[in-house]
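Heads up: the structure comes next, in C-alpha cells.
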Amino acid sequence: MMDFACFRNKLQHLCNCSCLKLSCFCRSTWLLLLCLYRYIVFRVNPLTLKVCYFISVSLVGFWVLFSLTPRSHHFRPRNLDLFFTSVSATTVSSMSTVEMEVFSDGQLVVLAILMFVSGKVFTSMVGLHLVRSKLWRSRENQCQVNSSGTNGLGSPTDSLNEVELGTKVAAMADPARSRSHFDISQGAIMTLDRENLKLDSIRFLGTVVLGYFLVIHVVGVVSVMVYIVATSSAKDVLTRKGLQTFTYSVFTTVSTFASGGFIPTNESMMVFRKNSGLLLILLPQVLLGNTLFPSCLRFSIWFIGKFVKKGEARFLLRNTEEIGYLHLLPGLHSSLLATTVSGFILVQFVLFCSMEWNSAALGGLNSYQKVIGALFQTVNARHSGETIVDLSTIAPAILVVFIVMMTPHPNIPSPPPDVAQLTFTTTHRDDLATITASGDLASTAIDDELASIVKGTITDPLNPRFNGGKLALG
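Residue numbers 2 to 475, in this note's numbering, belong to the letters of the sequence shown in order.
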C-alpha cells in the first residue's frame with residue numbers, strides 16, 4: 002500500500018511538472034508569435050510582406066498537392082507542373098499545364114483554398130486588419146502622450162505652485178493666453194476623438210468586407226449545389242466525369258468570385274453551355290468579386306449604416322481618401338464605375354451577338370441559351386477567364402474587343418481636374434502596382450491584332466477566322 006501511495010505521489014508530481022512545462026512552453030510560443038506578428042506589422046515593408054505571403058502560400062500549396070494522390074493512378078503530374086499550378090492558383094491567373102480532371106477531390110479543395118486566401122477581396126481584408134493594428138498602436142501612443150502632458154500641467158500640486166509663484170495669477174490676468182490654452186486642449190480632444198472614430202470605422206469596414214465575402218460564397222455554393230441536384234443534365238456531367246457535387250460547387254464558386262478562371266472540368270464551362278440557370282448563378286459572382294466590388298461595397302456600407310453603426314458608416318462614406326482603402330471609392334466614382342462596367346458589357350454583348358450569333362461557336366443552342374451564353378462570355382472576358390465557347394472559333398475582331406476591354410482596370414481613382422489623361426489604379430488581383438493607362442496602350446493592342454489579321458489573311462486566305470476578321474474590318 003505504501004508503494005502504491007509513493008507511486009501515486011511521484012506520478013502526480015510528474016504530471017504537475019509536465020503541465021507546468023507545457024504551460025511555460027505554450028506561453029513562450031505565444032509571446033514569440035506575438036513578437037513576430039508585431040515585427041511583421043510595424044517593421045516589414047508592405048510590398049515585401051505581400052511577396053513573402055504569396056511565395057509561402059505557393060510553397061505550402063505545392064507541398065500539399067504533392068502529398069495527395071491524383072485521381073488517376075496511371076498518371077502523376079510532374080513536380081514542376083504541380084508547382085506551376087499552385088503558383089497559378091495563388092496568383093489567380095488561371096494558367097495550368099495539367100488537365101483539371103487529373104486532380105483528385107482533395108487536390109481540388111487545396112486549389113480552392115489557395116484561390117480563397119489569395120483573391121483580391123481576401124487580401125485587401127487582411128490589409129485592412131494590418132492598417133487597423135497600426136492605427137491602434139498610434140492611438141495608444143497618442144493617448145500616453147496626452148495623458149503624460151495632462152498629468153504634468155494639470156495636477157493640483159503644480160497649480161498650487163503656480164499660484165504661490167504668481168504665474169497662475171499672471172495667466173488668469175491674460176485672457177488671450179487662457180483662451181489659447183483652452184483652444185489647444187479642445188483641439189487635442191477633437192483630434193483624439195476623430196482618431197478613435199477613424200479606428201472604429203476601419204474596424205466596421207473590415208467587418209462589412211468579411212460579411213460581404215462570406216455571404217456571397219455561402220449563397221453561391223448553396224445555389225450551385227441546389228441547381229445541380231435539381232437539374233439532371235448538369236448532374237449527369239459531374240457523374241460522368243467523376244466529380245462530387247459539393248466539391249464542384251465550392252471550387253467553382255471560389256474560383257469565380259476570385260476571378261481564378263479554374264473549373265474542375267477540362268472544357269471549362271463549355272460542357273454546361275446549355276445550362277443557362279447555372280450560368281446565371283455564376284454571372285453575379287464574377288461581377289461582385291471583381292469589377293463591381295467597390296460599388297457594391299459602398300452600397301453595403303450605406304445599407305448597413307441605416308440600421309447599425311451610423312456614425313462609422315457616415316465617416317466611411319464621407320472620408321474615403323482618408324481611410325485609404327483602395328476599393329472604397331467616393332459616391333460619384335462608384336456610380337461612374339457601375340455605369341462604365343455596364344457600358345463595357347453592353348458593347349461586348351452587342352458586338353459578340355452580331356458577329357457570332359450564327360457561327361459554330363454558338364451552334365446547337367436556342368435563342369435563349371445564345372443570349373445567356375453570350376452574356377456570360379462577355380462578362381467573363383474581362384478578368385475571370387471562364388468560357389463556354391472555343392476561343393479558336395471566335396472571329397479575330399471579337400478577340401480584339403476582348404483585348405481592349407481587358408486593358409482598363411475597374412478601380413479608378415480621382416484624377417486632378419487639370420489632368421486630361423485618365424489614370425487607372427490596378428491591383429492585378431493583389432493591389433501591388435499603380436499604372437497610368439492612356440489610349441496608346443489600347444491602340445498598341447489593336448495594331449498588333451490588326452497586323453496579325455492582315456498577315457493571316459494574306460498567308461491563309463481560306464481560314465474562316467481570318468476571313469471573319471477581314472469582313473469585320475470592312
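Don't be surprised by glycine CBs; every beta carbon is placed ideally from N, CA and C.
Measuring alpha carbon to alpha carbon, tell me which residue in VAL390, LEU376 and LEU352 is nearest GLY365.
Residue VAL390 holds the alpha-carbon nearest to the alpha-carbon of GLY365 among VAL390, LEU376 and LEU352.
Would SER59 and LEU115 qualify as a contact pair, given that the criterion is a beta-carbon distance under 9 Å?
Yes, Cβ-Cβ distance for SER59 and LEU115 is below 9 Å.
If you run the structure through DSSP and keep just helix, strand and coil, what is PRO47?
Three-state DSSP puts PRO47 in a helix.
Look at the alpha carbon of PRO265 and the alpha carbon of GLN245, and state the distance between them as a whole number of angstroms.
Using only the alpha carbons, I get a separation of about 10 Å.
Return helix, strand or coil for LYS199, following the three-state DSSP convention.
Per DSSP, reduced to three states, the secondary structure at LYS199 is helical.
Please report the straight-line C-alpha distance between HIS328 and PRO295, rounded to a whole angstrom.
Here the C-alpha atom of HIS328 lies approximately 5 Å from the C-alpha atom of PRO295.
Using the three-state DSSP reduction, which class does GLU1 fall into: helix, strand or coil?
In the structure displayed, the chain extends from 2 to 475; residue 1 sits before or after that span and is not available.
LEU206 by DSSP, collapsed to three states: which one?
Helix at LEU206.
Would you call ALA452 buried or exposed, if buried means 16 or more other Cβ atoms sit within 10 Å of its Cβ?
With a pLDDT of 48 at ALA452, under the threshold of 50, the modelled position of that residue is not reliable, and no figure is offered here.
Can you say whether MET407 is buried or exposed, counting buried as having 16 or more other CB atoms within 10 angstroms of its CB?
Looking at its Cβ environment, which holds fewer than 16 other Cβ atoms inside 10 Å, MET407 is exposed.
Quick check for students: name the residue ranges of the alpha helix (DSSP H) that lie wholly in the segment 219–269, counting only runs of 4 or more.
Note on the segment 219–269: whole alpha helix (DSSP H) runs with a minimum of 4 residues are 233–242 and 246–258, in chain order.
Quick one: grab the DSSP three-state call for SER73.
In the structure shown, SER73 adopts coil according to DSSP, grouped into three states.
Looking at C-beta atoms only, is the number of pairs between the segment 332–339 and the segment 367–374 that lie closer than 8 Å three or more?
They do not touch, by the three-pair rule.
Express the C-alpha separation of VAL52 and VAL110 in angstroms, rounding to a whole number.
Rounded to whole angstroms, the separation of the alpha carbons of VAL52 and VAL110 is 23 Å.
To which residues of the same chain is ILE395 closer than 6 Å at the C-beta, ignoring the five residues directly before and after it?
Same-chain partners within the cutoff: ALA362.
Three-way DSSP call (helix, strand, coil) for GLY128 in this model:
Helix at GLY128.
Near HIS130, which residues of its chain fall below 7 Å by C-beta distance, leaving aside the five closest residues on each side in sequence?
Within the same chain, HIS130 has close Cβ partners GLY207.
Looking at the structure shown, is ILE395 part of a helix, part of a strand, or coil, going by DSSP?
Under the three-state reduction of DSSP output, ILE395 falls in the coil class, being neither helix nor strand.
At least 3 beta-carbon pairs within less than 8 Å: the segment 246–265 vs the segment 219–234:
Output reads yes: the segment 219–234 touches the segment 246–265.
If ALA231 sits next to ASN276, beta carbons under 8 Å apart, how far is it from one beta carbon to the other, in whole angstroms?
Actually they do not touch by this definition, with Cβ atoms about 11 Å apart.
Using a Cβ-Cβ cutoff of less than 8 Å, which residues in the same chain neighbour GLU323 once the five nearest sequence positions on both sides are dropped?
For GLU323, where only same-chain residues beyond five positions count, the Cβ hits under 8 Å are LYS199.
Cβ of ARG241 versus every heavy atom of the ligand FMN: is any distance shorter than 8 Å?
Looking for the ligand FMN in the displayed structure turns up nothing, as the structure carries no ligands at all.
Express the C-alpha separation of HIS74 and PHE258 in angstroms, rounding to a whole number.
If I take the Cα positions, the gap works out to 32 Å.
For the candidate residues HIS384, ASN367, PHE377 and PHE350, whose alpha-carbon lies nearest to that of ILE399?
Cα-wise, what sits closest to ILE399 is PHE350.
Is ALA382 helix, strand or coil when you go by DSSP?
The answer is coil: DSSP assigns ALA382 none of H, G, I, E or B.
Taking the alpha-carbon positions, what's the HIS334 to THR321 distance?
The C-alpha of THR321 is placed about 11 Å away from the C-alpha of HIS334.
Any idea if LYS310 is buried or exposed, counting beta-carbon neighbours within 10 angstroms, 16 or more meaning buried?
Burial call: buried.
Range of the contiguous alpha helix (DSSP H) that encloses HIS328:
Counting along the chain, HIS328 falls outside any alpha helix (DSSP H), and DSSP gives it neither H nor E.
GLY243 classed as buried or exposed, judged by whether at least 16 other C-beta atoms fall within 10 angstroms:
Counting Cβ neighbours within 10 Å, GLY243 comes out exposed, since fewer than 16 surround it.
Pick out whichever of ALA382, PHE63, LEU69 and TYR213 has its Cα sitting closest to the Cα of ILE302.
The shortest Cα separation from ILE302 among ALA382, PHE63, LEU69 and TYR213 belongs to TYR213.
For the candidate residues PHE316, VAL122, MET270 and VAL348, whose alpha-carbon lies nearest to that of ASP1?
The structure shown has nothing for residue 1, since the chain only spans 2 to 475.
One question on the structure: do PHE345 and ARG383 come within less than 9 Å of each other, judged by their Cβ atoms?
Remark: C-beta atoms of PHE345 and ARG383 approach each other more closely than 9 Å.
Which residue's Cα is closest to the Cα of MET270: TYR54, SER89 and GLN378?
Nearest to MET270 by C-alpha distance, out of TYR54, SER89 and GLN378, is GLN378.
Please confirm whether SER385 and GLY262 have their CB atoms less than 9 Å apart.
Cβ atoms of SER385 and GLY262: closer than 9 Å.
Nearest-angstrom Cα distance between LYS22 and LEU32?
Straight-line Cα distance between these residues: approximately 15 Å.
To the nearest angstrom, how far is the alpha carbon of LEU442 from that of VAL405?
Residue placement at LEU442 cannot be trusted, given a pLDDT of 40 that sits under 50; what the coordinates show is reported in the next sentence. Take the alpha-carbon of LEU442 and the one of VAL405: they are about 9 Å apart.
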